Amino acid sequence: MTQSLKDKLIILLLAALGAAFLVTFIAIEEQAEIFALLVFAGVLIIASAKLGLTDKISQSLSRNERLLNLSSIAAMLVVIFWFHEDHFPLLMIATVLLYVVACCGLNMQFGYTGVVNFAGAAFFGVGCYTAAVLGGTGTPLLLVIALGGVMAAIVGSILIIPVLRTRGHYAAVVTIAFGLLFRTFLEVNDTLGGPQGLPVSGMNLFGWDFNSNIQITENIEFSFYMNYVILALIMVILTFILMRRIERSWIGLNFDAVRLDETAAACYGINIKRWKILSFTLGNFLAGIAGALFAMMLGFIAPSNFAFSDSLILVSIVLLGGMGSIWGTILAAGLVVLLPEKLQVIQEYRFLLYAVVMILILLFRPQGVLPRNLRSYIPGWRG
Amino acid sequence: MEQQQETVLAFKGLTRRFGGVVALNEFDMELTNGQIVGLIGPNGSGKTTSFNVLTGIYEANGGSIEFLGQDITSWPAQKVYEAGVARTFQRSRLCLELSIFDNIMIGAHKRLNHGFMFNVFKRKALQQQIKENYDEARKLLTIFDPELADKMFEPVGSLRMIDRRRIEICRALISHPRLLLLDEPSAGMTHEETRELMDDILEVREMIDGLSIILVEHEMGMIERVTDKCIVLNFGQKICEGAYREVASNKLVQEAYLGGE
Amino acid sequence: MATASALELKNIYAAYDSADVLEDVSLSVPAGKITCLLGSNGAGKSTIIRSILGLTPPRSGDILVDGESLIGLPTHKVISAGIACIPEGRKVFPKMTVVENLRLGAFQESSESVIRDRIDQVFEIFPRLKERKGQLAGTMSGGEQAMVSIGRGLMAAPKVLLIDEPSLGLSPLFVKENFNIIRRINEQGITVFLVEQNVHQTLAIAHYGYVLSQGHVVAQGTAKELSENAEVHEAYFG
Amino acid sequence: KDTVKVAFIGPLTGGVSAVGVGGRNSAELAVQLRNADPDAKYEYELVTQDSECKPNVGVQIATKVAADRSVIGLVGHYCSAVAMGAVDIYHRFNLPMSVWGAVLPDVTYGNDYKEIHRVNGTMINQNEVAAKFMTDQGYKTWVIIHDTTDYGKGHDKYFSEYLTENGGEILADFGVPADQQDFTAELTKAKQLNPDVIYFGGLTPLGVRIRAQMDKLGIESQFQGVSGIKSDSFIDGTGELAEGVVSFLEGAPLEKLPGGQFFSEKYKAAGFTESEEAYGPFAFSAMNLILDGIEEVGPNRKALTEYLGNIQDHDSVVGKISFDDHGQNTVAAITPYVIQDGKWVVWEDSEYADGTRKLAGL
Amino acid sequence: MDMGLLGQFIVNGMMLGMMYALVAVGFTLFFGVLDVIKFSHGDVLMVGTFAGFSTYLGLGAIGIDNAFVQLVGVLVVAIASMALLGAIIARYLVLPLKSAPPLNTLLVTLMLGTVLREAIRLFYPDGSNPKRFPALLPTDSWTIGSFNLRADSVILLVGGLLVIVGVHVLINRTRLGMAIRAVAQDEETAKCMGINFKMIVLLTFGLGSAVAAFAGVMNGLYYNEINFGMGLLLGVIGFSAAIIGGLGNIYGAILGGFIFAALQTLGAVALPFASAYKDVFAFAVVIALIAWRPTGLIAEKTSERV
Ligand SMILES: Nc1ncnc2c1ncn2[C@@H]1O[C@H](COP(=O)(O)OP(=O)(O)OP(=O)(O)O)[C@@H](O)[C@H]1O
Ligand SMILES: Nc1ncnc2c1ncn2[C@@H]1O[C@H](COP(=O)(O)OP(=O)(O)OP(=O)(O)O)[C@@H](O)[C@H]1O
Ligand SMILES: [Mg+2]
Ligand SMILES: [Mg+2]
């Protein structure tokens, strides 16, 4: 068998395995089964690492990015259609996807450019509130989503000056303070619903009501969440492409240079401010669009969704995945969103267990589950 | 040739203080097209500071800097680079997590198209530009070390110190600057390695039209071999200027810097 | 060799992650003498120093100080055994003043008066440091930092002093001065293990030397032997 | 017997988890008792979910529960914001449910969904009674402190409204975040205004802090709370300072109801380690109501909804339950309580009512 | 406003400021050593308070009811147990991660905070409800007009001040302090100076956590109420205080703590239309302050150079 054929088979196999895993993971409810599945996956991963398979696989993957991307999308579609009439799994999948988009935004900010942002949930929230306010006004809803992003970017610009002037922990405090301020403001101020929150009207695209089930034939009915999942998937794909293209371009290089050594970057003509502003704004934009769609899907938002702890969840996804790593973000988002939900069976003990699991993962993979690779501008091209 | 005589850089009364320390004191200097000037002086005499003030990292407390007829005294670092000044750092400042190619491309900043549309949507054109620059970087790196040129996509962090220095110099040269500032490029190298490095730099100079160099070095062999003129600093003040032989025989210089025989 | 060795490396193998750096290196540093280690860039000289200090513990082999093995000891215990080091690339503590840096050099010394005396001695050698007592070391020029680093190494008053490229970035005057200092230290009875690029001046003060190439000892002998050794000559004297 | 699933939702983690766990235990107790009853037609299985008191999580798990067609009825929500977000979902999926703790009026009155019911009273009833009761005692001036959640703000709104109607005067009104520790600034200002009463709209943790800090600053005013502080932990938290604190709770006092004693005994007997807290009896009643319905009309959502819609004078441990056309229990009597010797005592039975002891400032 | 009232606000604000400053000092210590934000700091504080509280209950159970003995017992147990906990955290969570990106340490400590919080909530008897912390200090009070000063407040203020001064002296005037700072700046070189790196890290975390325990007990004594969530906000505020004051400087922590307290008090008092906005106000000022002084009010001296 030729190497390239082998590579392709490996990828297809992996995608199939991934889809199967996801379907099982989402479908099962029993505590023992969940536990067994997690242990099984863990053993599989450790074993393949010990056998040196992981390296080989990752080489195969990096040689065939296109196939990898396509088969991942295919696997995702399989999972989605598998659950086509199960509302809750679809809702969870869509949530994961939207978290991926928001976390890509954060990744752009501190994975690439090193601009820390502990107010991710606030910018996500700006998107949500934009959708809530504009939702009933008859604004085309795709536009509402875009405006959610734009609003997040605009609100973010309040912070531009302190963000540009500060670094490291000092910058962290700027965003922490903003996150707390944002939530308190929403709670105290009644114009946006106050602490009670606001209902959000659902998505309606060219007369297609996103909030009713889709009747395919007499017997087949798709959950209305299918609409959102598909839209969220498209959003993820576009975000993925954007992130990739930025990373593999001079812009990505400038971002990295700004993160790694501002002084040297300045001495080589890199305009620190320009790139920081771009990445901060773009990052907030992504968080905002994710928020807007999320609000429409959920139908209801309240300030307590955008607390500091929610921002920390976004940050932990980025760190757990590995800074700047998009695949890592996807994996980590799945883990962070689905795990606590899967642990519902153990009720009040689940956060304890969840936190313990996170600590263990980080102790064994300090760089994140899938650390970012060196930049390769053109896949497969090595000069 | 007239162009040869054109003044590239001129310091006039350049002064910089840190608290009580006067790092540069009324420093005057001139550099003409294609010249290699050695900037020498005891430790802490202000050599690195003069680079930092010139490249806009520190502000001058007094005096002026003229580059190609423009007053660039208070320009920010980015603008100074755009005007054609590139430098290396006394302590290597490469991005260790990035590949060799990435690091060199940081130096090529002004030749690259940084537009959002271009980078995100015009992938074909961008990839074309990447490949062109790759070839160029490779050519340059080959002059210094052909072996390194084969490792373009390896992280700089895995390389030896000496290779990092070479890459840093390539990063400075890739933009075809008019003025190159080298701060102790040979530190930590053996005589042999130092000589090779200097030969390489001279070779590159031939390629780049009208490249002038200011070289800070404590390795007198190197200074003697490559410089057209030397300037000696002590306590931020110029104490002597001239060809190396002249300077080296100056009493003051011997006392303060070389140490009498 | 007539004198007992203060420090002895036996069949050391060392590596970083995957890259093997030292292979079967054995050398001995006679007590009370200056022993130098020559070799081109990346030969593994600094790695030897790191191995001795326990920063890059060797994979196999033995390191002895006065006959006691250092293998497995954490770095601070190695220092307690009477070893001090002037590390490669200066490595001053940037956010501390010159005096604090010097004090740290004598960290394992608890007598305040001894420390004061030693600081005074260092100031005598480097008057520039006295002028700049209170300056944060990180803001000093390259050469000034080198002085801090050397001064700090002297503060420990060790049995064996490991010195890794001390003249890096020093002015010619100071390089000369530096070799004088090393000689003087040695005359006070401290064993010196010196890594240098500056072959001429190094061999001029060293008693004994080793040449390292790609992780192997390729030549050794007295300073005189080495400077007459044709191979060494070719490689380093050019 | 066929197995039928019923569900419970409440905050099991986070700041108000004590109430949530108490509610869950009570609901579980109802199911246990029913399963132990040989006359029951079905075997019941309880599904419990944690809302974390966060609307987004609440909406998700509401979907989870509602989308599971095998779940026939739900007892849900202590946090009003979560309930507000979730009601749409229950309506969409036609899942009949009863709220067991959330007190925001809009949960029932903000919509016309016939699936939504509530066994406990709203904050409207409570504050109406509270304002009248306190002015009747002879108090004239108030300083209000409330947390800025929907809960605190709602109480603030209704209490202010009814207080003005009853002729009381509000000297100042402070909104504070629900996680604030230090109230000395607000209280110092309050002290300067010297009100007869300090009204606190919020939950136990904050209530404890405010009561303790009032003492620090030497404030002698009467302390008046809302249903959110009517818990044993308020007394545990404030110790001797608890004496004389008044609060109001919907429903007749447990021990006065025929089933009240029964509930308390059974709860103790079931061996739960956590207290049932103030709203445990409501969760218990709501669950019983749903179980009664299923027994009567069978495991069918539509039928159960219908059944609940017609509930009038239904016996429960919190008194008779009658739903109005919004599904709100109308006979929610409000009982004033006062703390006497480290216990919550129904006002009428207390030494304060007969004049042996006096509330602060009277 | 009359003077008595003003005095009252100032004393209250100072108590609050002291509380924040103590937390901020802890943060400054951790930055000092490993350049990490230790987000579990607030929760360690909380656990410390609960440890003290349990000691009180325990002493009560064996019949010791002398307030002074109780106080000493509470303090000793809280401080010692948290010092131990801090060292354990350092040993098993922080040291293994020292070569990972610093933000990952942040994440781990964040998760650890959750573990501590949830553990107290779930496993401490009736842990989810607030507890009444005993008043172990003399409660005599002096009243002048509307000004009311209590002895316990004064004792706590002085105690807090002593601890901060003590930490400052320890860091800047002792060999241990020098070692701590050295380790923070360059681990390897510090080792080469003969410093026992591991020991120093453990000690620093022990010290920082001990300070947190002290702050926690102080919190309990002052407010007479403790609960499992008390550390969360206190941690965030303490962190912000350390930052606005300027890292690398204990005085910065004090300054930051007092500024934050002043802002909150001012916000509550001087925003008559809506005291609920006081946190919005305080955090907005924090952002403005940082924009104005990007490295804190007492700026770190630059030690980097090119
Ligand atoms: N950022 C700073 N803060 C305080 N002092 C400084 C700073 N930068 C430089 N100095 C002082 O200015 C003087 C000149 O320093 P400079 O780095 O220019 O010396 P140099 O000539 O490059 O010396 P070397 O050959 O040792 O590198 C030194 O005494 C140094 O301590
Ligand atoms: N941390 C490290 N990780 C991986 N490889 C390393 C590391 N440090 C050094 N090396 C490699 O080990 C080899 C020997 O390095 P070492 O620093 O000991 O050389 P040296 O003789 O001291 O050179 P120099 O004269 O440059 O100081 C080099 O090839 C270097 O690339
Ligand atoms: Mg210099
Ligand atoms: Mg070396």
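Residue numbers (my numbering), protein chains in the order written: chain A, 1 to 383; chain B, 1001 to 1261; chain C, 2001 to 2238; chain D, 3001 to 3362; chain E, 4001 to 4306. Quick reminder that beta carbons are idealized off the backbone N, C-alpha and C, glycines included. Computed from a prediction, not measured in an experiment: that's the story for all the values here.
The shortest C-alpha to C-alpha distance from residue 17 of chain A to any of A:95, A:117, A:75 and A:47 is the one to A:75.
A distance criterion of 8 Å places the beta-carbon of residue 2099 of chain C beyond contact range of ligand 1, judged by its closest non-hydrogen atom.
Between ligand 2 and the CB of residue 2045 of chain C, the shortest heavy atom gap is smaller than 8 Å. Here residue 2029 of chain C is near residue 2160 of chain C, since their CB atoms are less than 9 Å apart. For the segment 3024 to 3047 of chain D, no residue has a beta-carbon sitting nearer than 8 Å to a beta-carbon of chain E. Chain B places a beta carbon closer than 9 Å to that of residue 2132 of chain C, counting this residue as a contact.
Residues of the segment 359 to 371 of chain A whose Cβ lies closer than 7 Å to any Cβ of chain E, in chain order: 359, 362, 363, 366 and 367. Assigned with DSSP and collapsed to three states, residue 3005 of chain D falls in strand. Less than 9 Å separates the beta-carbon of residue 337 of chain A from that of residue 95 of chain A. Just so you know, the alpha carbons of residue 2133 of chain C and residue 4017 of chain E end up roughly 36 Å apart.
Put simply, of C:2075, C:2066, C:2068 and C:2040 the residue whose alpha carbon is nearest the alpha carbon of residue 2057 of chain C is C:2075. With a cutoff of 8 Å, residue 1258 of chain B does not count as near ligand 1, since its C-beta is closer than that to no heavy atom of the ligand. Look at residue 1240 of chain B here: in three-state DSSP terms it is strand. Annotation: the continuous beta strand (DSSP E) that includes residue 1009 of chain B extends over 1007 to 1018.
Out of D:3183, D:3212 and D:3247, the CA that lies nearest to the CA of residue 3199 of chain D is found in D:3247. Taking all protein chains shown into account, residue 2180 of chain C has fewer than 16 neighbouring C-beta atoms within 10 Å of its C-beta and is therefore exposed. Relative to ligand 2, residue 2198 of chain C has its C-beta separated by 8 Å or more from all heavy atoms. Comparing C-alpha distances from residue 4123 of chain E to each of A:142, A:348 and A:370 shows the shortest one belongs to A:348.
Its chain contains 118 as the residues whose beta carbon lies nearer than 6 Å to that of residue 176 of chain A, once the 5 sequence neighbours on both sides are disregarded; these appear in chain order.
For residue 4014 of chain E, none of the residues of chain C pass the 8 Å Cβ criterion, the least Cβ distance being about 31 Å. Relative to the non-hydrogen atoms of ligand 2, the Cβ of residue 1188 of chain B comes within a distance shorter than 8 Å of at least one. Neighbourhood of residue 4195 of chain E in chain C, by CB distance below 7 Å: 2076 and 2107, in chain order. At least 9 Å separates the CB of residue 4072 of chain E from every CB of chain B.
Residue-level contact check: residue 4157 of chain E does not touch chain D, since none of the beta carbons of chain D fall below 9 Å from its beta carbon. Within the same chain, and ignoring the five residues on either side of residue 4228 of chain E in sequence, the residues whose Cβ sits closer than 7 Å to its Cβ are 4046, 4117, 4120, 4121, 4127 and 4128. Residue 124 of chain A is classed as buried because its beta carbon has at least 16 other beta carbons within 10 Å across all chains shown.
Burial of residue 1238 of chain B is indicated by the presence of at least 16 other C-beta atoms within 10 angstroms of its C-beta. With respect to the 9 Å criterion, residue 315 of chain A and residue 181 of chain A are not classified as neighbours on the basis of their beta carbons. Annotation: Cβ neighbours of residue 1257 of chain B in chain C (cutoff 8 Å, chain order): 2171, 2172 and 2173. Residues of chain A with a Cβ closer than 8 Å to the Cβ of residue 3177 of chain D are, in chain order, 184 and 187. Residue 2030 of chain C sits in a strand when the DSSP states are folded into three classes.
Three or more pairs of CB atoms, one per stretch, sit closer than 8 Å, so the segment 1224 to 1234 of chain B contacts the segment 1242 to 1250 of chain B. Relative to ligand 2, even the nearest heavy atom lies 8 Å or more away from the CB of residue 1197 of chain B.
Relative to ligand 3, residue 1184 of chain B has its C-beta within less than 8 Å of a heavy atom. Taken in chain order, the members of the segment 1024 to 1045 of chain B whose beta-carbon sits within less than 7 Å of a beta-carbon on chain C are 1042, 1043 and 1044.
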